[in-house]
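Engineer:
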Amino acid sequence: MMQLAKNKLISSRWEGRQMSQTTIFLMTKISPEVEIKMPMEAFPPVSADVSFIYDSFPKYKLGADNQILEEPVEENQGPSLKDVIEQEASNLSDQHKRISVRDLASKFDKNLAAAAKLSNEAKLRDVASLEGHVLLKKLRDALESLRGRFAGRNKEDVEKAISMVEALAVKLTQNEGELIQEKFEVKKLVNFLKQASEDAKKLVNQEKSFACAEIESARSVVLRIGEALEEQEKTSQASKPQDVDGLIEEVQEARRIKLLHQPSKVMAMEYELRALRDQIREKSIFSIKLQKELTMSKRDEENKSRLYMLNGSEALGSYLQVQPCSDEVPHVSKCSIQWYRLSSEGSWREVISGAIKSIYAPDPSDVGRILQVDIVSNGKKLTLTTNPVQPVSGLGSLVESLLRKSNADFNVVISQMNGKDHSSHSTHSFNVGRMRIKLCRGWITKAREIYSPSMQLCGVRSDVSNAAKALFWQARKGLSFVLTFESERERNVAIMVARKYALDCNVVLAGPDDLV
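Below, the structure is given as structure tokens:
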């Protein structure tokens, strides 16, 4: 607010000085064409204490309704009022958290001195305004005396100069009114700053009294703590002999217990217990191995007595195939086959939809589960059972490394499309991303679908070559593919990565009619 009042006073003072210079300019422009010699008494004397700070005259012109118009003068008057206010606001916002009461009082005193300075400048401005009125009056009288002596164009110039002087007088009067209002605002600001300074001083005194009271309180607390420390030191010195005697007794008791227990024998017993634990662990591992071998031998004996048997490794990355045990039994192509997935407890079994062929490649979801296959031949039903499907070492770490990326690319060949054999055996890119799966060859995209409940992904369940390298992917209803990968490892990794990304999107990827 003070900065705004100061800027207004400076602006008013500048206009007063321009008016003073304008009067001299009009005196020099009365008659540029005719040189007239006038007696000295025709021009009233100008006050000797009038001073001009510029060596050039401002330019004016007469507008409509005899209005004095000042031509713009290019002059660097410093930053604008808006910039000054923004700068002051930023300074205040930087300092409002760290300013103290004493600094606030000092700032009020400085502002009060600045307001008093503005008041003094306003008084000086009153004197300059009075001199302007006197000078304009004298100039108008001189021009009135000249108007009766001239005729024609010179008289019109004189009348125009008189109208300009009268307009300047009106403008000066308006500036005086604005100056009176500014003086009132400055006085109001001075009173406000005086009151604020007194309040700040009162607040400083009050804070000072509070600080003194807190210092006295802290001093009394320090004295009490010192007395308590002295008393504690005296008590500890008195109880020190008793503590030493008690410590000696505890040490002696510890020595007695140590001699009774004989630590060397205890350590020997610990070593014996550790060796016994290792032997028990080895025997338990050996017993589990024997149980597995016994179960497999029993199953082999049962399979020998049966008409069909399962051939293949019971692990992820391989495939199982139903084969006849002799040439006398019907071929598997003439039998009805259905594969099942047993629950972990073995209480119920789940039908693997579409797995009705003699070959089945375990899916990553089959790891740790027992598989069964029902074979119906000549009206007789035969069931073959496998051991739990074993995982592949190193597969989990590879999946974790791929999950840290945004997507994973695999080279595949399209074996079937919508249940029909695909004629082209060109290599395609199977891209598994966080939000979608895309199958393309170069710039040509075969399918690109986001994870949705209609999407299906599992190991192939049809009788195709390289079943352990193939998977079934239904992008959407009416569009499905059987894709063959370069290796069994890549096929299983692609299934696991895709299912993890789909699960992050609240979608479960499984085979047709699988229980999820």
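Position one of the sequence shown corresponds to residue 161 (my numbering), numbered consecutively onward. Glycine included, C-beta positions come from ideal geometry on N, C-alpha and C.
Under the rule that 16 or more other beta-carbon atoms within 10 Å means buried, what is Tyr431, buried or exposed?
Structural biologist: The sequence position of residue 431 within the sequence shown is 271, counting from 1. Its Cβ having fewer than 16 others within 10 Å, Tyr431 is exposed.
Engineer: Answer yes or no: do Leu631 and Cys618 have a C-beta to C-beta separation smaller than 9 angstroms?
Structural biologist: Counting from one through the sequence shown, the residue named residue 631 turns up at place 471. Counting from one through the sequence shown, the residue named residue 618 turns up at place 458. Result yes, Cβ atoms of Leu631 and Cys618 sit closer than 9 angstroms.
Engineer: Kindly indicate which three-state DSSP category Asn312 falls into: helix, strand or coil?
Structural biologist: On the sequence shown, residue 312 is found 152 positions in, with the first residue counted as 1. It is worth fixing the name first, because residue 312 is Gly in this sequence and not Asn. The answer is coil: DSSP assigns Gly312 none of H, G, I, E or B.
Engineer: Closest to Gly514 by CA distance: which of Arg313, Asp526, Trp508 and Trp499 is it?
Structural biologist: Position 354 of the sequence shown holds residue 514. That would be Trp499, whose Cα lies nearest to the Cα of Gly514.
Engineer: Can you pull the DSSP bridge partners for Ala568?
Structural biologist: Residue mapping note: residue 568 aligns to position 408 of the sequence shown, counting from 1. DSSP output for Ala568 lists Val592 as bridge partner(s).
Engineer: Residues bridged to Pro484 by DSSP?
Structural biologist: Mapped onto the sequence shown, residue 484 falls at position 324. Paired residue(s): Tyr468.
Engineer: Taking 8 angstroms as the threshold, find out whether the segment 555–568 comes into contact with the segment 534–541 through three or more Cβ pairs.
Structural biologist: No, the segment 555–568 is not in contact with the segment 534–541.
Engineer: Where does Gly337 land, buried or exposed, given buried means 16+ other C-beta within 10 angstroms?
Structural biologist: If you number the sequence shown from 1, residue 337 lands on position 177. By the 10 Å Cβ count, Gly337 comes out exposed.
Engineer: Say whether the segment 564–580 touches the segment 650–658, bearing in mind that this needs 3 or more beta-carbon pairs closer than 8 angstroms, one atom from each stretch.
Structural biologist: Touching, yes.
Engineer: So what does DSSP say about Ala670, is it helix, strand or coil?
Structural biologist: Within the sequence shown, the letter at position 510 stands for residue 670. Coil.
Engineer: Would you tell me roughly how many angstroms separate the C-alpha atoms of Ala388 and Thr395, rounded to the nearest one?
Structural biologist: Position 228 of the sequence shown, counting from 1, holds the residue named residue 388. Position 235 of the sequence shown, counting from 1, holds the residue named residue 395. Each residue's Cα considered, the two are about 11 angstroms apart.
Engineer: So what's Asp301 in DSSP terms, helix, strand or just coil?
Structural biologist: Numbered from its first residue, the sequence shown carries residue 301 at position 141. In this structure, DSSP gives Asp301 a helical state, which the three-state scheme calls helix.
Engineer: Give the range of the beta strand (DSSP E) segment to which Ile535 is assigned.
Structural biologist: Taking the first residue of the sequence shown as position 1, residue 535 is located at position 375. Leu531 to Ser537 is the extent of the beta strand (DSSP E) around Ile535.
Engineer: What first and last residue would you give for the beta strand (DSSP E) that runs through Ser640?
Structural biologist: Residue numbering aside, residue 640 sits at position 480 when the sequence shown is read from its first letter. Start and end: Leu639 to Phe645.
Engineer: Note down the Cα distance separating Gly671 from Ile604, rounded to an integer number of angstroms.
Structural biologist: The residue labelled residue 671 in the question sits at position 511 within the sequence shown. The residue labelled residue 604 in the question sits at position 444 within the sequence shown. Approximately 27 angstroms, taken between the alpha carbons.
Engineer: Using a Cβ-Cβ cut-off of 7 angstroms (strictly less than) and excluding sequence neighbours within five positions of Thr644, which residues of its own chain qualify?
Structural biologist: As a working note, residue 644 is residue 484 in the sequence shown. Residues of the same chain with a CB within less than 7 angstroms of the CB of Thr644, apart from the 5 flanking positions on each side, are Val572, Val573, Ser575, Asn626, Lys629 and Ala630 in chain order.
Engineer: Rounding to the nearest angstrom, what Cα-Cα distance links Ser525 and Pro490 in this structure?
Structural biologist: As a first step, residue 525 must be located in the sequence shown, where it is residue number 365. As a first step, residue 490 must be located in the sequence shown, where it is residue number 330. Between Ser525 and Pro490, the C-alpha separation is close to 32 angstroms.
Engineer: Between Asn578 and Ser640, how many whole angstroms is the CB-CB distance? I'm expecting something under 8 angstroms.
Structural biologist: Numbered from its first residue, the sequence shown carries residue 578 at position 418. Numbered from its first residue, the sequence shown carries residue 640 at position 480. Between Ser640 and Asn578 the Cβ distance is about 6 angstroms, and since that is below 8 angstroms, they are a contact.
Engineer: In the structure shown, what three-state DSSP assignment does Lys517 receive?
Structural biologist: Locating residue 517 in the sequence shown gives position 357, counting from the first residue. If DSSP states are grouped into helix, strand and coil, Lys517 belongs with coil.
Engineer: Flag this pair as yes or no: are the beta carbons of Gly472 and Glu648 separated by less than 9 angstroms?
Structural biologist: As a position in the sequence shown, residue 472 is number 312, starting the count at 1. As a position in the sequence shown, residue 648 is number 488, starting the count at 1. No. Outside cutoff.
Engineer: What does the Cβ neighbour count give for Ser380, buried or exposed, with the cut at 16 atoms within 10 Å?
Structural biologist: Taking the first residue of the sequence shown as 1, we reach residue 380 at position 220. It counts as exposed.
Engineer: Going by alpha carbons, who is nearest to Asp673 out of Ser612, Ala435, Ile512 and Tyr661?
Structural biologist: Along the sequence shown, one-based indexing puts residue 673 at 513. Comparing Cα positions, the closest option is Ile512.
Engineer: To the nearest angstrom, how far is the alpha carbon of Pro199 from that of Leu306?
Structural biologist: The residue labelled residue 199 in the question sits at position 39 within the sequence shown. The residue labelled residue 306 in the question sits at position 146 within the sequence shown. In this predicted model, Pro199 has a pLDDT of only 42, less than 50, meaning its place in the structure is not dependable; the value taken from the coordinates is given anyway. Cα-Cα distance, rounded: 12 angstroms.
Engineer: List the DSSP bridge partners of Asp243.
Structural biologist: Along the sequence shown, one-based indexing puts residue 243 at 83. For Asp243, which the question treats as bridged, DSSP gives no partner whatsoever.
Engineer: Return helix, strand or coil for Cys372, following the three-state DSSP convention.
Structural biologist: In the sequence shown, residue 372 corresponds to position 212, counting from 1. Of the three classes helix, strand and coil, the one that applies to Cys372 here is helix, per DSSP.
Engineer: With Gln550 and Leu502 assumed to form a contact (beta carbons below 8 angstroms), what rounded beta-carbon distance in angstroms separates them?
Structural biologist: Translated into positions along the sequence shown, residue 550 becomes position 390. Translated into positions along the sequence shown, residue 502 becomes position 342. Wrong, their Cβ atoms sit about 15 angstroms apart, outside the cutoff.
Engineer: Determine the DSSP secondary structure at Asp581, reduced to helix, strand or coil.
Structural biologist: In the sequence shown, the residue the question calls residue 581 occupies position 421. It is a strand residue.
Engineer: Determine the DSSP secondary structure at Glu387, reduced to helix, strand or coil.
Structural biologist: Here residue 387 refers to the residue found at position 227 when the sequence shown is read from its first residue. Helix, per DSSP.
Engineer: Beta carbon of Trp633, beta carbon of Ile610: below 9 angstroms?
Structural biologist: Translated into the one-based positions of the sequence shown, residue 633 becomes position 473. Translated into the one-based positions of the sequence shown, residue 610 becomes position 450. Contact flag unset, no.
Engineer: Closer than 7 angstroms by C-beta to Val624: which residues in its own chain qualify, once you throw out the five before and the five after it? Chain order, please.
Structural biologist: If you number the sequence shown from 1, residue 624 lands on position 464. Result list for Val624: Ser575, Ala630 and Val642, in chain order.
Engineer: For Asp664, collect the residues of the same chain with a Cβ closer than 6 angstroms to its Cβ; drop the 5 residues on either side in sequence, then sort them by chain order.
Structural biologist: Numbered from its first residue, the sequence shown carries residue 664 at position 504. So no residue of the chain qualifies.
Engineer: Straight-line CA distance for Pro613 to Cys485?
Structural biologist: Here residue 613 refers to the residue found at position 453 of the sequence shown. Here residue 485 refers to the residue found at position 325 of the sequence shown. Rounded to whole angstroms, Pro613 to Cys485 spans 43 angstroms at the Cα level.
Engineer: Which whole-angstrom value is the C-beta distance of Asn492 and Ser518, which I expect to be below 8 angstroms?
Structural biologist: Residue 492 sits at position 332 when you count from the first residue of the sequence shown. Residue 518 sits at position 358 when you count from the first residue of the sequence shown. Asn is not the amino acid found at residue 492; the sequence shown has Val there. Confirmed, Cβ separation roughly 4 angstroms.
Engineer: Count the other CB atoms within 10 Å of the CB of His585; is the residue buried (16 or more) or exposed (fewer)?
Structural biologist: Position 425 of the sequence shown, counted from the first residue, corresponds to residue 585. With fewer than 16 other Cβ atoms within 10 Å, it is exposed.
Engineer: By DSSP's criteria, Ser586 is part of a beta bridge. Which residues make up the other side?
Structural biologist: Sequence index remark: in the sequence shown, residue 586 carries index 426 (1-based). In the DSSP output, where bridge partners are listed per residue, Ser586 has none listed.
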